[in-house]
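Protein sequences, first through last, are from chains C and Y. Whatever position you read off the first sequence (first residue = 1), add 1168 for the numbering used here. Whatever position you read off the second sequence (first residue = 1), add 499 for the numbering used here. Worksheet: the structure to be examined is printed underneath.
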Amino acid sequence: MTINDNVIAGAFPIVIVGHVDHGKSTLIGRLLNDTGSLPEGKAEELRRVSKHRGMAVEWSFALDALQLERDQAITVDSTQVWFQSPLRRYVIIDAPGHLEFLRNMITGAAQAEAAVIVVDATQGLTEQTKRHAYLLHLLGVSQAIVAINKMDKVDFDRSIFNRLASEMKTHLASLSLEAVNAIPVSAREGDNLAKPSARMAWWNGPTLIEALDVLPRRRATIDKPLRLAVQDVYHEGDERIIVGRIESGRLKVGDPISFWPTQRTARVKSFQSWSTAAPILSAAATQSVAFTITEDLFVERGHVVATADRGPRQSTSVRARLFWLAPGHLHVGKTLRMRVGTSTVSVTVSAIHGALDVDDLAFHQDRAVATNDIAEVRLTSSVPFTFDLFHENETLGRAVLIDGYNVVAGCVIDRDADVAAITASSATGASTITIHERARRNKHQGAVYWLTGLSGAGKSTLAIGLQQKLFDLGAQVAILDGDALRRGLNSDLGYAPQDRTENLRRAAEVAKILLETGSIVIAAFISPAASDRDMVRNIVGGPFHEVFVNADLAICEARDVKGLYAKARAGSIAEFTGISSAWETPEHPELVVNTGAESYEKCLEKLLTYVRVTAIEGGAIAKGSHASSAAVPAGSLRA
Amino acid sequence: MNDLDLLESRSIFILREAFNKLRPLAMLWSLGKDSNVMIWLAKKAFLGKVPFPVMHLDTGLEFPETYAFRERYSAEWQLDLIADPCPPIESVDQSLPNDARLAARKSLGVTQAVERYGLKGLIAGIRRDEQATRAKERVFSPRAAGNTWDFRTQPPELWDMFAADVPPGAHVRIHPLLHWNEIDIWCYIKRESIPLVPLYFAKNGERYRSLGEIGITRPITSNASNVDEIITELKTTRAAERAGRTMDHESEDAFERLRTTGYL
């Protein structure tokens, strides 16, 4: 098979989308039948099964194989079938139209190069049709054919077709989705699918197959900058072999390459392979490769291979459009794992800029983000991560969001949000004073020490003592205390889980502002939920130290300095941590001080030593606010 | 890059993801054409050696040629072969049709292997074009404890960023050939000269197009006695690949029932 090297080979993947019951599966079933692509006996089987159920021939049964689908006559999951036109091979992905199954529609459409949007002539454009169209746009599908279906139900009326076709084309154009053609069809009878319709003699345009056959293939990404997301590093004797797939660009022996985020450089020494006709000297986009490099660098899964001058971006915060697939609403403060390429990083939804209204295509700030909604959000991490903007390089410009064991959203990264983040969280806007200049003047770096523990564990007492010691040492220091904040900034909040999250989100934003002034921030908050503590860490972004002030519930209750435990036990305080509200013990705090077992003085001393080591003494400043962006020493190679 | 290069590259990507994310990991080796291609791809992915065990779910009912192939190539390809016998026919769901019961022994064999070796990942060579319920599969397909497949709650699968996180007790089925067609498999076998059980090649006017156990697999009428002739035959046939697998056709939902309880 001779193929232009610059065009992606393989079957042309198309997705069929549209509102439930507008006839997508029927269209495909009929298309398969009319092009001779159904296996022998399948058409007879369909006739028999349909008759058995007292129905006319139900072409959609060819795809809706699952018993459940036959019984309910809807498509649950996306199915792939292959079909051959006179020109080329297609893989058609039948995407379910039912709202409940949007995640499956997205799974299907994420693999497509073009879409056929099926619109019922008797129904016209529905909210669901528009949602699908927006998702196609978001998933990067740029060309579509509109099939105005069920023309037999409107007496093959030309004016109805013209009206719907123009309405649809206008809508798609506003999404930069090119509607290559709109075609009047009757899928059940096969009109204008593989053969021109005798019943629509007024139609001079192409059949669906003719329209598909002229769609251009997506250009391969060989001419874009090199991107390879490292999947793994294999050890073969002394050799360390880097493996991954080239997502864009080219790679050849001797090429200088750069690894992100370390930005260490090396040259490609050799490609490794098994059972290839000749040794591999070069490779290009879409190829899975294994190679060695000339330098002894620390490389691991998640690193991105690029060239030094045209590398990916790095930031702790991005603005993205996501489709939310999990049950329930998406809230600010939600902490998720984000996968970009082969790397995974913890992110917090630090802002929701709005949910999409598919009718006016605007993001509305006042709308809650519900299941299947599309939202514009800011995602923030405590460590910089590597990515591209979607419009620049697709592969690293999209991400999957994971909550626990579940994929809950997919998103495209529209822009780097660092500038926006600073403006939003800093009282004075973007600053001309660098973090290093502040550190030089203060003679220490800024850092946040987040004291978490039960009420009565001694957080506030330790915070006050520590502040005094640091002040005496000449440090720029500030306390954020949970009780104090609840009297002022957070006086509108209660103790329900959502309020607790909001309480901590505000505290974290304040801590971030103080951190940007170069201060040592001592925060004392019960912060009982691990997910909230992760959120805080992500929002703060810079040097953050979780300090677990540990004292057993029994000890805290026995102390009961404020008399709160007694009230909680009596039931006069609701949602009290440890009594009527859950406490999640920190699993990996940076420091534990055990006020239950050790004296106050000893605990304070331990805390002070820790702060001195991490923020004040030599070298600390060099670690800066983005410690992990610093180059990793080669010496850690075989650690 | 041609069609086969693209298919190969994506399969290698999938295998490397599985090996990185899911341990312990094993690959099912049915000894059929697809799973031989899969082993070949694993050798490519891992540069000449398969770094995890391969499992033959042995019902004791394979053809003698199949057993001979297993002995020869498990040694030649230096495979870490596990060939535990499947649980007996008495232990399967007796309400299934007759031939499906025979096939269901393999489902129990899978469950047994997952439990016995504590597998987090199991690589299987199914393809979407083989059978309509397989067309619904994900590349990374999570299985709850108990090995069941619930097609209603399949996770979204986006842009080759596969979901490999599963709760304790669950495992992931990995399907590196899901996107291949039957004819792709044969073209790849030709290009790479991958050895096969000789039963695929016609003798006395018959050959096996899909190879299962004695008693539940029937040969087709064919004179295609080598790979080229098989490719030519496939280009013209409209018969379904698994037409010779009797358990698929006993009742409308027989195969789906097998799959929801763990069949491949």
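No residue lacks a Cβ here, since even glycine has one placed at the ideal position from N, Cα and C.
Partners in chain C for residue i, counting only beta-carbon separations shorter than 7 Å
i: TRP658(Y); result: ALA1278 and ARG1566
i: PRO694(Y); result: The contacting residues do not exist; PRO694(Y) stays about 13 Å from chain C at best.
i: ILE511(Y); result: SER1456
i: ASN519(Y); result: GLN1399, ASP1400 and ARG1469
i: GLU732(Y); result: Neighbours of GLU732(Y) on chain C: none; closest Cβ ~13 Å, over 7 Å.
i: GLY547(Y); result: TRP1442
i: ASP579(Y); result: Those do not exist, as ASP579(Y) stays about 17 Å from chain C at its closest Cβ, beyond 7 Å.
i: ASP628(Y); result: TRP1250
Contacts around residue i, its chain only, beta-carbon distance under 7 Å, and the 5 residues preceding and following it disregarded
i: ASP1649(C); result: SER1628, ALA1631 and ALA1692
i: ALA1301(C); result: ILE1285, HIS1339, LEU1340, LEU1343 and LEU1345
i: SER1687(C); result: GLY1614, GLN1644, VAL1645 and ALA1646
i: ALA544(Y); result: ILE511, LEU514 and ARG515
i: PRO1181(C); result: VAL1259, ILE1261, GLN1279, ALA1280 and GLU1281
Segment limits, alpha helix (DSSP H) that includes residue i
i: TYR572(Y); result: 563-575
i: HIS1339(C); result: 1326-1341
i: TRP496(Y); result: The first residue shown for chain Y is 500 and the last is 763, placing residue 496(Y) beyond what the model contains.
i: LYS1637(C); result: 1627-1640
i: LEU1732(C); result: 1732-1738
i: HIS1300(C); result: 1295-1307
i: THR1669(C); result: 1665-1684
i: ALA1446(C); result: Run containing ALA1446(C): none; DSSP gives neither H nor E here.
i: TRP539(Y); result: 532-544
i: GLU1407(C); result: That residue, GLU1407(C), is in no alpha helix (DSSP H); its beta strand (DSSP E) goes 1407-1416.
i: ILE1603(C); result: 1603-1610
Cβ distance (whole Å) where residue i is taken to contact residue j below 8 Å
i: LEU1776(C); j: LEU1634(C); result: 6 Å
i: PHE1427(C); j: LEU1465(C); result: 6 Å
i: HIS1190(C); j: ASP1288(C); result: 4 Å
i: THR488(Y); j: ARG604(Y); result: Residue 488(Y) lies beyond the stretch modelled for chain Y, which goes from 500 to 763, so this question has no answer here.
i: ARG1489(C); j: GLU1407(C); result: Contact flag wrong, Cβ pair sits at about 42 Å.
Contacting residues, own chain, Cβ-Cβ under 8 Å from residue i (five flanking each side not counted)
i: ASP727(Y); result: LYS689
i: GLU681(Y); result: ARG626, ASP628, GLU629, LEU733 and GLU740
i: THR731(Y); result: ALA723
i: PRO1495(C); result: THR1539
i: ILE1409(C); result: VAL1401, TYR1402, HIS1403, GLN1440, ALA1458, PHE1459 and THR1460
i: ASN1762(C); result: ASN1718, ALA1719 and CYS1771
i: ASP583(Y); result: MET554, LEU556, ASP557, GLY608, GLN611, ALA612 and ARG615
Nonlocal neighbours in the same chain, by C-beta distance under 6 Å from residue i, ignoring five residues either side
i: ILE581(Y); result: PRO552 and MET554
i: VAL1185(C); result: ALA1263, ALA1283, ILE1285 and HIS1300
i: ALA1788(C); result: Annotation note: pLDDT 39 at ALA1788(C) (below 50); position unreliable, coordinate value reported separately. Hits under 6 Å: GLN1613.
i: GLN1533(C); result: GLY1522
i: GLY1792(C); result: Any reading at GLY1792(C) must be qualified, since the residue scores a pLDDT of 35, below 50, and its modelled position is unreliable; no value is offered.
i: THR1596(C); result: Legend: pLDDT at THR1596(C) = 42, less than 50; position of this residue unreliable, no value from coordinates given.
Chain C contact residues for residue i, given Cβ-Cβ distances below 8 Å
i: LYS542(Y); result: TRP1442 and SER1443
7 Å Cβ cut-off: residues of chain Y touching residue i
i: VAL1411(C); result: ARG515
i: LEU1808(C); result: Because chain C is modelled from 1169 through 1807, residue 1808(C) falls outside the range shown and cannot be assessed.
Range of the contiguous beta strand (DSSP E) that encloses residue i
i: GLU1755(C); result: No beta strand (DSSP E) contains GLU1755(C), which DSSP labels as neither H nor E.
i: PHE518(Y); result: Element bounds for PHE518(Y): not the beta strand (DSSP E) but the alpha helix (DSSP H), 502-520.
i: LYS1437(C); result: 1432-1439
i: ALA1577(C); result: 1574-1584
i: GLY620(Y); result: 620-622
i: TYR1778(C); result: TYR1778(C) -> not in any beta strand (DSSP E); alpha helix (DSSP H) instead, spanning 1768-1779.
i: THR1505(C); result: Note on identity: in this sequence residue 1505(C) is Arg, with Thr being the wrong assignment. Start and end: 1503-1508.
i: LEU1648(C); result: 1645-1649
i: ASN703(Y); result: First-last for ASN703(Y): undefined, no H or E at that position.
i: GLY608(Y); result: Unbroken run through GLY608(Y) is the alpha helix (DSSP H), 597-616; no beta strand (DSSP E).
Contact list for residue i against chain Y, beta-carbon separation under 8 Å
i: ARG1198(C); result: Neighbours of ARG1198(C) on chain Y: none; closest Cβ ~16 Å, over 8 Å.
Chain-ordered chain Y contacts of residue i [CB-CB under 9 Å]
i: TRP1618(C); result: Going along chain Y, no residue has its Cβ under 9 Å from TRP1618(C), so there is no contact; the nearest lies around 27 Å.
**Study point:** Interfacial residues, the segment 664-685 of chain Y to chain C, with Cβ spacing under 9 Å
**Key:** ASP664, VAL665, PRO666, ALA669, LEU677, HIS678 and ASN680
Check your understanding: Just by C-beta distance, which residues in the segment 690-719 of chain Y are closer than 8 Å to chain C?
Key -> GLU691
Review point. Just by C-beta distance, which residues in the segment 1269-1301 of chain C are closer than 8 Å to chain Y?
Key: ARG1271, ASN1272, ILE1274, THR1275 and ALA1278
Check your understanding: Going along the segment 1548-1580 of chain C in order, which residues come within less than 7 Å of chain Y, judged by CB to CB distance?
Key -> ARG1566, VAL1568, ILE1570, TYR1573, ASN1574, VAL1575 and GLY1578
**Study point:** Interfacial residues, the segment 598-613 of chain Y to chain C, with Cβ spacing under 8 Å
**Key:** none
Review point. Quick one, which residues of the segment 1410-1439 of chain C are near chain Y if we go by CB-CB under 7 Å, in chain order?
Key: VAL1411 and ARG1413
Practice item. Mind checking the segment 1492-1512 of chain C against chain Y and listing, in chain order, the residues whose C-beta falls within less than 9 Å of any C-beta there? Key: LEU1493, ARG1505, ARG1507, VAL1508, GLY1509 and THR1510
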